[in-house]
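> Sharing a structure below in structure tokens format, with a few things to ask.
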Amino acid sequence: MDRRTVLRAGAGAGAGLAAGLWAVPARAATAAARKDRDWAALKRLLGGRLYFPGDPRFAPLNLPANHLYSHRVPAAIACPRSHEDVLATVEWAGRNAIGVVPRSGGHSYAGYSTSDGGLLVHLGGMRDVTVKGTTLTAGAGARLLDVHAALKGTDLLLPGGYCPDIGVGGLVLGGGIGPATRSHGLTCDSLTATTVVTGDAYTAHCHENSNPELFWACRGGAGSNFGINTSFTFGLHRVPKATAWYDLSWEWKNAARALKGLAELIADPRYRRNLTCRFGLRTAGGRRVYAQGLFFGPEQTLRKLTALLRPRTSVTGTAGIQDCMHRFYETAPGDPYLAGSIVAGADLGASVADGLVDALGSWKPASPASRATVSFFAMGGADTALRPADTAYVHRDATFIVDLAAYWSDTDPSRVADAGRHRLQGLYRGLSKDLGTDAYQNFPDPGLKDWQTAYYGKNYARLQTVKKTVDPGGLFRYPQGITPA
Ligand SMILES: Cc1cc2nc3c(=O)[nH]c(=O)nc-3n(C[C@H](O)[C@H](O)[C@H](O)COP(=O)(O)OP(=O)(O)OC[C@H]3O[C@@H](n4cnc5c(N)ncnc54)[C@H](O)[C@@H]3O)c2cc1C
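Quick note: the sequence shown uses our numbering, first residue 5, plus one each step.
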């Protein structure tokens with residue numbers, strides 16, 4: 005059985021098959037660590053686009069969105085421009101026994117697209133996005149803003165996230181939640197095909213009928229586990245020419261009431277598919293509660309619904325879908341931060357709302373820049389159309405995904421970071437008592453215990469089998485990376 009047949013056969017095929025996979029030579033693992041790597045050969049393969057520390061292009065390419073990890077320095081940064089460049093780079097890395105870290109948008113919370121001493125593969129030269137009919141194809145390094153630009157003026161939607169700078173790659177590989185999740189599903193639910201340069205330097209074209217196990221793993225198994233995805237093909241959703249949107253805020257004294265009202269509205273079965281929502285609490289610029297989202301129905305009905313919540317400010321409108329997305333843009337602040345998440349399986353109870361308001365109400369900033377945010381992504385709509393084992397994204401029964409973060413500035417002393425960490429840990433402990441410890445793999449927390457269960461649940465073992473198939477030598481590895489079965 006050749007290796008491609010093995011990939012197609014899938015993980016459920018039994019131990020004999022797995023034994024065949026183990027026979028694939030694990031070049032990266034067995035080669036002795038070499039100091040005398042043939043960097044000149046890689047530079048030639050990449051037409052010169054290989055940069056070392058000291059090169060003026062190195063530092064800007066190396067800077068991640070989360071500055072907590074900006075001190076990490078890879079041995080070199082490769083900048084491929086094509087699938088063939090990526091294939092040559094991965095092949096070279098395997099031969100030269102150096103770990104590979106791909107970077108698309110660089111927005112990993114936990115700095116998982118940074119490296120100390122490895123080879124950073126910066127995919128920013130592969131940002132092409134093409135649209136044909138209702139099919140969109142994005143290059144390895146495309147960002148959400150490239151997708152929005154390609155769809156501008158159309159009534160076509162790819163359900164994405166809030167930040168325009170996040171990479172489509174990192175987003176879709178870990179799931180992808182955002183303004184249209186309840187109405188149209190996760191980003192990974194719209195993926196119809198992807199091409200991967202696997203850890204053992206093969207090209208795998210993946211869709212439902214080709215390399216189905218790897219295709220399954222690429223929909224929620226998170227980035228940098230199986231190889232480098234060089235292209236992503238999505239089926240787009242046609243939406244009404246105009247969609248209603250809303251943006252609300254409440255004063256802090258009404259925070260608990262606002263949270264409870266929002267939780268009730270979101271749990272109402274009449275609005276599970278047509279009302280999307282992200283709401284949360286912020287301590288910066290005066291504590292406040294906010295909520296925003298889309299409504300696939302008349303704006304007049306939306307106004308009646310939002311009025312019931314008695315917000316202090318309420319803005320609604322009706323616009324083309326890309327304009328709606330633009331309205332929700334939220335970019336990374338370019339500061340250091342710590343973050344974590346909880347995937348909740350129950351509705352938000354009154355005690356959780358009260359506890360949260362108490363905790364953030366007493367959050368004392370340790371410096372002018374230090375602040376905290378807690379955001380709730382409402383789930384429980386189109387995202388539940390698939391079952392937990394249908395894709396590697398397992399959290400199909402979620403009601404909310406909670407995103408917790410503490411920020412400070414690059415120039416703050418370490419005590420400010422320590423204070424943020426301490427408060428965030430307290431907040432997490434309090435919330436997880438009520439909401440559980442499942443977590444969203446795209447909001448990774450490096451300190452999370454049993455992250456395998458938290459991110460992947462029962463799908464973890466199957467992911468490990470895929471890992472063993474395509475990256476047996478662990479060329480792609482990081483602290484919360486999937487390990488071979
Ligand atoms: C400001 C901000 C807003 C966010 N908003 C949302 C949101 O609304 N919804 C949501 O779901 N998430 C959101 N996220 C989280 C985001 O989805 C994840 O951090 C995602 O992994 C980022 O992808 P990236 O390509 O930008 O990051 P990167 O750091 O480049 O990549 C993330 C991981 O994927 C790997 N990777 C990247 N590209 C590839 C590729 N082509 N092939 C293989 N592996 C690859 C990297 O090595 C790394 O392990 C947000 C993050 C930030 C910082």
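Each residue gets a CB set at the ideal place from its N, CA and C atoms; glycine is no exception.
How about residue 141 and residue 237: do their beta carbons lie closer than 7 Å?
yes
> Unbroken beta strand (DSSP E) runs of length 3 or more, entirely within the region 111-144: which are they?
123-126, 133-136 and 139-143
> Among the candidates 209, 174 and 346, whose CA atom is the shortest distance from the CA of residue 116?
Closest by alpha carbon: 174.
> Pop quiz: residue 252 and residue 185 are said to be a contact at Cβ under 8 Å. What is the actual Cβ separation, rounded to whole angstroms?
19 Å between Cβ atoms; not a contact.
> Please state whether DSSP places residue 151 in a helix, a strand or coil.
helix
> Among residues of its own chain, excluding the 5 on either side of residue 441, which ones have a beta-carbon nearer than 6 Å to its beta-carbon?
458
> If you compare alpha carbons, which of 380, 343 and 164 is closest to residue 330?
164
> Could you check which residue in 223, 105, 244 and 477 has the C-alpha nearest to that of residue 161?
244
> Just checking residue 285 against ligand 1 - is the residue's beta carbon closer than 6 Å to any of the ligand's heavy atoms?
Not under cutoff, so the answer is no.
> Starting from residue 252, follow its DSSP beta bridges and name the residues at the other end.
295 and 318
> Rank 418, 347 and 398 by C-alpha distance to the C-alpha of residue 438 and give the top, closest one.
347
> Using only alpha-carbon positions, find the residue among 100, 171, 475 and 397 that is nearest to residue 133.
Comparing Cα-Cα distances from residue 133 to each of 100, 171, 475 and 397, the minimum goes to 171.
> Does residue 469 come out as helix, strand or coil in the three-state DSSP assignment?
helix
> With DSSP as the reference, please indicate the residues paired to residue 407 in a beta bridge.
Residue 407 pairs with 345 and 379.
> Which term fits residue 88, buried or exposed, when burial requires 16 or more other beta carbons within 10 angstroms of its beta carbon?
exposed
> Using beta-carbon positions only, say whether residue 167 and residue 310 come within less than 7 Å of one another.
no
> Count the CB pairs spanning the region 259-268 and the region 186-203 that are closer than 8 Å, and state whether there are at least three.
no
> At which residues does the alpha helix (DSSP H) containing residue 71 begin and terminate?
Careful: residue 71 lies outside any alpha helix (DSSP H) and carries neither H nor E.
> At least one CB of chain B closer than 7 Å to the CB of residue 378: is that the case?
The question asks about chain B, but that chain is absent: this structure has only one protein chain.
> At a cut-off of 6 Å, is residue 411 close to ligand 1 when judged by its beta-carbon and the heavy atoms of the ligand?
no
> Starting from residue 188 and walking both ways along the alpha helix (DSSP H), at which residues does that stretch end?
Run containing residue 188: 185-188, per the alpha helix (DSSP H) assignment.
> Here's a check: name, in chain order, each residue in its chain whose Cβ is nearer than 7 Å to the Cβ of residue 260, leaving out the five neighbours to either side.
357, 358 and 361
> For residue 101, which of 388, 325 and 480 has the nearest alpha-carbon?
480
> Report yes if the C-beta of residue 192 is less than 6 Å from at least one heavy atom of ligand 1; otherwise report no.
no
> May I ask you to check if the CB of residue 333 is nearer than 6 Å to at least one heavy atom of ligand 1?
no
> So which of 436, 112 and 118 has the shortest CA-CA distance to residue 355?
436
> Rounded to whole angstroms, how far is the Cβ of residue 67 from the Cβ of residue 74, which I believe are closer than 8 Å?
6 Å
> For residue 233, verify whether its CB is less than 6 Å away from any heavy atom of ligand 1.
In this structure, residue 233 has its CB closer than 6 Å to one or more heavy atoms of ligand 1.
> Please look up how many angstroms separate the CB atoms of residue 229 and residue 471, rounded, as I've assumed it's under 8 Å.
6 Å
> State the DSSP-derived secondary structure class of residue 106, mapped to helix, strand or coil.
strand
> Can you name, in chain order, every residue of its own chain whose Cβ lies under 6 Å from the Cβ of residue 61, other than the five neighbours on each side?
55
> Report, in whole angstroms, the separation of the C-beta atoms of residue 395 and residue 239, which I expect to be a contact under 8 Å.
At roughly 14 Å, the Cβ-Cβ gap does not stay under 8 Å, so residue 395 and residue 239 are not in contact.
> Hey, how far is the Cα of residue 98 from the Cα of residue 188?
39 Å
> Classify residue 178 as helix, strand or coil using the three-state DSSP reduction.
Residue 178: helix per DSSP, three-state reduction.
> Where residue 85 and residue 216 are concerned, what is the direct C-alpha to C-alpha distance, given to the nearest angstrom?
27 Å
> Checking 7 Å against the spacing of the C-beta atoms, do residue 414 and residue 71 come in under that value?
yes
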